[in-house]
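Peer 1: Chains U and F, in that order, give the protein sequences.
Going by the working numbering, the residue at position 42 of the first sequence is 453; the numbering climbs one at a time, nothing skipped.
Going by the working numbering, the residue at position 70 of the second sequence is 137; the numbering climbs one at a time, nothing skipped.
If you scroll down you'll find the structure; I have some questions about it.
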Amino acid sequence: MRVEIRVQEVPLDVAGEIAGVHAGDPAVGGVASFIGLMRDLNAGDQVSAMTLEHYPGMTEKSLRAIVDEAGRRWPLRAVHLVHRVGRLTPCDPIVFVAVASAHRGAAFHACEFIMDYLKTRAPFWKREELADGQSRWVEARVSDDAAAAAWQVGDGDPEDGG
Amino acid sequence: MIRVLYFASLRETLGRADEALAEPPATVGALHGQLAARGGEWSTVFGGGQQILVAVNQEMAGPDTTLSDGDEVGFFPPVTGG
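The structure is reproduced here in C-alpha cells:
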C-alpha cells in the first residue's frame, strides 16, 4: 500500500493529491476521496477564521496508525491524507483523504473510516475567531465519537472484495 | 526526569506549554493527581471537572500507564481535527 501523509501549513492542492493517489497504477479500479472544508457557521455563530493546533510528532504517528488500520481492514493500493494546520478562513480545505483500490466498496468504506477515526483520535484542536470578535475552542462532538465507535462492531465489510 | 506537555485550552488555562518533572510518579493516574493537588487552575483542570486525554511517548495512554525516566507525557482536551 502506497501511503502519503502530510501535516502542512500551506494550502491543499486537491487535484494534485488525487492525481498522486492514482499515480498511473493499473491495478486501481476506483479512487474515493473526501475534502473537509472550513464553514463560516458553527454552533449557531458566524465564524470568521480558525486556527488549527496539533501535537507535532504524535500527529503523524496517529495518522499513520489510522491509515495502517484501514489497510488491514480493506485491500487498498494507496492512501493520501493531508491535514492543514495554522490559520484558515471559510472555504479553505482543512483535510483531504483519498483512497485507491481495485474496487469501489473498499475505497468508499476506507475513506469514511479514515475520516471517522481522524476526527476522534488525531491530536488536532481548533480555535475559532467569531464574527463578533470573540474566540473560543471548538468542542468535540458526541456524533463523531458515535461514528468512530460504529466501526468497532466488525472488522471492515465482508462485501468489500467485489 | 519526564517532560510534560499541555495543549490547546489546557495550555491557555494553566498558562504553560510544558515543564520538566525531576521525579516522575509511577503512573499517569498518579501524575494526574499530583497536578490536581497544585490547586487553583490545576485543580480546576485536573480535578475531574472536564475530560482530559493523555499520551505517553506520543501514544494514547490511560491512568494505569506506567511512567519511566525520559518519558514524554502530553495532556489535552478531546480532539477536534478534520
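We treat Cβ as the ideally placed atom computed from N, Cα and C, and that holds for glycine.
Are the C-beta atoms of Thr147(F) and some chain U residue less than 9 Å apart?
Peer 2: With 9 Å as the cut-off, Thr147(F) counts as an interface residue toward chain U.
Peer 1: Say whether chain U places a C-beta atom closer than 9 Å to the C-beta of Gly141(F).
Peer 2: yes
Peer 1: Which residue from Arg105(F), Gly149(F), His99(F) and Glu108(F) puts its Cα closest to that of Asp131(F)?
Peer 2: His99(F)
Peer 1: Would you list, in chain order, the members of the region 70 to 93 of chain F that have their beta-carbon closer than 7 Å to a beta-carbon of chain U?
Peer 2: With the criterion set as a beta carbon lying under 7 Å from some beta carbon of chain U, the members of the region 70 to 93 of chain F are Phe74, Ala75 and Ser76, in sequence order.
Peer 1: Would you grab the beta carbon distance between Ala560(U) and Tyr528(U) for me? Rounded to a whole angstrom, and I think it's under 8 Å.
Peer 2: Contact flag wrong, Cβ pair sits at about 11 Å.
Peer 1: Determine the DSSP secondary structure at Met461(U), reduced to helix, strand or coil.
Peer 2: strand
Peer 1: Specify whether the region 510 to 520 of chain U and the region 530 to 538 of chain U touch according to this definition: at least 3 beta carbon pairs, one from each stretch, less than 8 Å apart.
Peer 2: no
Peer 1: Counting only beta-carbon atoms, is Gln125(F) nearer than 9 Å to chain U?
Peer 2: It does: the Cβ of Gln125(F) has a partner Cβ on chain U nearer than 9 Å.
Peer 1: Would you tell me roughly how many angstroms separate the C-alpha atoms of Phe507(U) and Val425(U), rounded to the nearest one?
Peer 2: 7 Å
Peer 1: Note down the Cα distance separating His465(U) from Trp536(U), rounded to an integer number of angstroms.
Peer 2: Roughly 6 Å separates the two Cα atoms.
Peer 1: Distance cutoff 9 Å, beta carbons only. Does His520(U) sit that close to anything in chain F?
Peer 2: Cβ-Cβ to chain F under 9 Å: no for His520(U).
Peer 1: Could you round the C-beta distance between Val458(U) and Glu539(U) to whole angstroms and report it? I think they count as a contact, below 8 Å.
Peer 2: 5 Å
Peer 1: Tell me whether Gly100(F) sits in a helix, a strand or coil according to DSSP, three-state version.
Peer 2: helix
Peer 1: Assign His491(U) to one of three DSSP states: helix, strand, or coil.
Peer 2: strand
Peer 1: Who does Trp548(U) pair with in a DSSP beta bridge?
Peer 2: Arg538(U)
Peer 1: I want to verify the contact list: residues of chain F whose CB lies under 7 Å from the CB of Phe535(U), in sequence order.
Peer 2: Val146, Thr147 and Gly148
Peer 1: Hey, out of Arg488(U), Glu550(U) and Met469(U), whose CA is closest to Asn453(U)'s CA?
Peer 2: Glu550(U)
Peer 1: Which residues share a DSSP beta bridge with Phe519(U)?
Peer 2: Answer is none; Phe519(U) lacks a bridge partner.
Peer 1: Measure the Cβ-Cβ separation of Ala128(F) and Val140(F) and say whether it is below 9 Å.
Peer 2: Judged by beta-carbon spacing, Val140(F) lies within the 9 Å limit of Ala128(F), meaning their Cβ atoms are closer than that value.
Peer 1: So with CB distances below 7 Å, who are the chain F contacts of Leu529(U)?
Peer 2: Gly148 and Gly149
Peer 1: Any chance the region 77 to 95 of chain F sits against the region 428 to 447 of chain U, with 3 or more Cβ pairs inside 8 Å?
Peer 2: no
Peer 1: State yes or no: is the beta carbon of Trp548(U) nearer than 9 Å to at least one beta carbon in chain F?
Peer 2: yes
Peer 1: If I'm right that Val510(U) touches Val490(U) with Cβ under 8 Å, what's the distance once you round it to whole angstroms?
Peer 2: Right, their Cβ atoms sit about 5 Å apart.
Peer 1: Would Gly149(F) pass as a contact of Glu108(F) if the rule is Cβ separation under 9 Å?
Peer 2: Against a cut-off of 9 Å, the Cβ pair of Glu108(F) and Gly149(F) comes out as no contact.
Peer 1: Is the distance from the Cβ of Ala103(F) to the Cβ of Met469(U) below 9 Å?
Peer 2: no
Peer 1: Please classify Ser473(U) as buried or exposed, where buried requires at least 16 other C-beta atoms within 10 Å of its C-beta.
Peer 2: buried
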